[in-house]
Amino acid sequence: MKRLLIILAAMLSLAAKAQDTIILQSVVVSASPIRRVPEVEVMERKMDTSVIRRLSTVSMSQLLIQHSPVFIKTYGPGGMATASFRGTTASHTLVQWNGFQINAPSLGQVDFSTIPVFMTDNVSLKWGSGTSENSGGIGGVVDIKNDVAFDKGLILDLKQNYGSFNTLGSFASFGFSGKNHFFRIKACRSSSDNDFTYNNIGVIPHQTMKQVNGEFIDYGLMPEYHLRFKNSRISISSWNQWNDRNSPQIMPNVNNINTKENTKYNYSRNFISYKNYWNTGELEVKSSYFFELQHYFLNSFTDNGNVVTNIDSRNRADIFHQIVSLRQKLYKSWRINAKVQWDNESVGSNNYEGTRKRDVLSFYAALSGDVTRRLSMRLTLRNDIVDWRSAGFFPTATAVYKPRLVEGMSITVGYSHNYRSPSMNDLYWNPGGNPDLRPEDGKTLDANVSIEKTFGRLEIECSLGTYYSEVDDWIQWKPTIYRFWVPENVAKVVAYGSELHLKARMNINDLNLSLSGNYVFSHTTDDSGLQLIYIPRHHANIFAEMKWKTWSVTYTLEFTGERKTSMNADEFYGFKLNPYTLHHISLGKNIGRFTLELIVRNITDVDYQAVLWRAMPGRSFELSAGFKL
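Count along the sequence shown from 1, then add 1181; that gives the number in the working numbering.
Take a look at the structure:
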């Protein structure tokens, strides 16, 4: 530890000396001088910005379902949506916003339905060595960023949509981008009656029913300001969301128990940062304060008014992040990244015995560069001190080789070691919390082959990857004889699988064609040898787009394979959910700076369940209009 601190102090001293002797002239580009240190290579896939723009009126869950290999477990429109990355659970997926982790300390996960795509500019997925900067990303990382572009003038971006079930969305972004100033405010509002009809298979004979208690309304506001100097930048941003959602009851059965379920979830994420650049490196200091408020209410009662269940849960979380990071070029292509981070989490809940707090001090270093012209390597090491106890050292190693015989091909192999601390609910929920839980410990081996080729007007990108991971001390909630659940460290969980990604583009005069797709095979088992619940072995998506002059047509396919809902195969109901395939199409038209688009979702009106006994909408329509300067 002392050696690591000494090394970091030496690097910061070196950076300060470099800053004193080298001064760059300002340039009119995005947010920084032109001679920045390149980012280190990680296992990462950036999502197409044009796709993000086109899907800006939906939640992040829909974007990931249709255009990523990440499996999303969704409860339907307005309902919770969590990520399963590479056969792991939602708690094993780390989510970052502009470098700050945003996983809720109470649950240890992120509800992607509460993140409007409109509030983001850039989304990327990371795995293997890409997860090494922070703990928690045993499965992978979803990295969300907001872009800054100076000297662009007036900013104005408006969108309005209306669809089935009285679904309404309004989105606006406005501001100004000058030579050294960037100011922008993003605002959005989404609401829906969410009263679609569905086939209720919970009763015999099956009945067509209308969903009730599914209304929701969401608001979002994000002001940000960036000020650029000759060789530095100051940034301030605040992301605020207010969500008020009723949760529809599960499919009514013969017991006819009614429920009234509501969740109010509000959060505010605020940060300030200072970046300083010099010829061979950059130094960043940033600080954030996040808070989250959640009120969950549930009443279950019979037809005669007898209350069966009553839950009134109130939670507040306050989170502070302090980060100092350094990127410095060493020799030729070799460079080092280093970071020191302090996190303070405080969670108060009427389900806890008092307020619970946790401090984490992290040290991180990465060394990367070219060994030869065709071989590059990246080595990282992280140490976390949790409540003044070392969690251990966690290394990663990645090698990238570009064969001479096949131009455009790269072969990547890697090893990563990460961990996840138990969530506050895991430790302190009353009743059931287990303060003796051990952190989950994950190790992963990766191999990936990718190729990029151009054949005349045809451009092709293709990658095929495989992985094998082991997670020791996997945390799982189990029922007790006392009618409540308790989390336990179960035996080792093994996950392995493969991922196929394809992207093709072709331009013929005024005709532009594009095709992309993902296929994922995931096998995740515990000591029983059975696939874990709600993790499909197969899922895939395909997206095709055709643009001709001012017209555009898109087609999207979503496939989700069979999922187990219980580890008990003897259960008559609910042991597994059948696979399903959804098809969506859209027709768009550009009229100057205006855009119009008609979207038809689930065009074949498939009757399906993503979560057991939770109804999903059939065929639906949406009309959107937009204007952008």
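The C-beta atom is built at its ideal place from N, Cα and C for all residues, glycine as well.
Distance, residue j Cα to residue i Cα
i: S1650; j: T1389; result: 44 Å
i: Y1736; j: H1765; result: 6 Å
i: E1803; j: Q1341; result: 10 Å
i: A1721; j: Y1700; result: 4 Å
i: F1665; j: I1784; result: 42 Å
i: P1603; j: Y1446; result: 22 Å
i: E1473; j: K1513; result: 45 Å
i: S1419; j: E1405; result: 6 Å
i: F1281; j: F1452; result: 9 Å
i: L1793; j: L1758; result: 7 Å
i: Y1663; j: G1614; result: 14 Å
i: S1631; j: L1645; result: 6 Å
i: F1775; j: S1805; result: 11 Å
i: I1385; j: Q1430; result: 18 Å
i: K1467; j: V1587; result: 43 Å
i: D1376; j: K1730; result: 38 Å
i: P1576; j: L1562; result: 4 Å
i: N1457; j: N1771; result: 41 Å
i: D1617; j: D1399; result: 38 Å
Cross-strand partners of residue i (DSSP beta bridge)
i: R1563; result: Y1545, F1575
i: K1254; result: T1263
i: T1705; result: A1676
i: Q1509; result: G1462, I1517
i: E1726; result: S1695, T1735
i: W1423; result: Y1400, N1447
i: V1528; result: A1498, R1537
i: T1269; result: T1269 pairs with nothing; no bridge assigned.
i: W1655; result: The partner list for W1655 (beta bridge, DSSP) is empty, contrary to what the question assumes.
i: G1595; result: T1579, D1627
i: L1645; result: V1630, L1681
i: D1493; result: F1478
9 Å Cβ cutoff met for residue i and residue j
i: H1719; j: G1698; result: no
i: K1227; j: N1303; result: yes
i: E1534; j: N1611; result: yes
i: S1372; j: L1335; result: no
i: F1471; j: K1441; result: no
i: S1591; j: V1581; result: yes
i: N1564; j: S1557; result: no
i: T1269; j: A1676; result: yes
i: A1546; j: A1578; result: no
i: Y1789; j: T1746; result: no
i: F1363; j: R1426; result: no
i: G1678; j: V1652; result: no
i: L1626; j: G1589; result: no
i: P1250; j: G1401; result: no
i: R1555; j: L1548; result: no
i: V1323; j: M1224; result: no
i: S1428; j: T1444; result: yes
Residue i - DSSP class collapsed to helix/strand/coil
i: M1261; result: coil
i: G1350; result: strand
i: L1758; result: strand
i: A1796; result: coil
i: V1329; result: coil
i: G1623; result: strand
i: D1324; result: strand
i: I1233; result: helix
i: S1418; result: strand
i: S1242; result: helix
i: T1860; result: With the chain covering only 1182 through 1810, there is no way to say anything about residue 1860.
i: S1602; result: coil
i: V1671; result: coil
i: S1287; result: coil
i: Y1609; result: helix
i: K1293; result: In the sequence under discussion, the amino acid at residue 1293 is Phe, which differs from the Lys named in the question. Looking at F1293 - three-state DSSP - the assignment turns out to be helix.
i: F1775; result: strand
i: V1581; result: strand
i: M1300; result: helix
i: T1661; result: coil
i: G1395; result: coil
i: Q1790; result: coil
Cβ separation of residue i and residue j, assumed to be a contact under 8 Å, to the nearest whole Å
i: G1350; j: R1370; result: 7 Å
i: L1813; j: I1517; result: The question about residue 1813 has no answer here: the residues shown for the chain are numbered 1182 through 1810.
i: K1254; j: F1299; result: Not a contact, Cβ separation roughly 23 Å.
i: A1725; j: L1681; result: That belief does not hold up - the Cβ atoms of A1725 and L1681 are roughly 16 Å apart, past 8 Å.
i: G1344; j: F1266; result: No, G1344 and F1266 are not in contact; Cβ-Cβ is about 29 Å, not under 8 Å.
Within-9 Å CB hit, residue i to chain C
i: S1543; result: No chain C is present in this structure, which holds just one protein chain.
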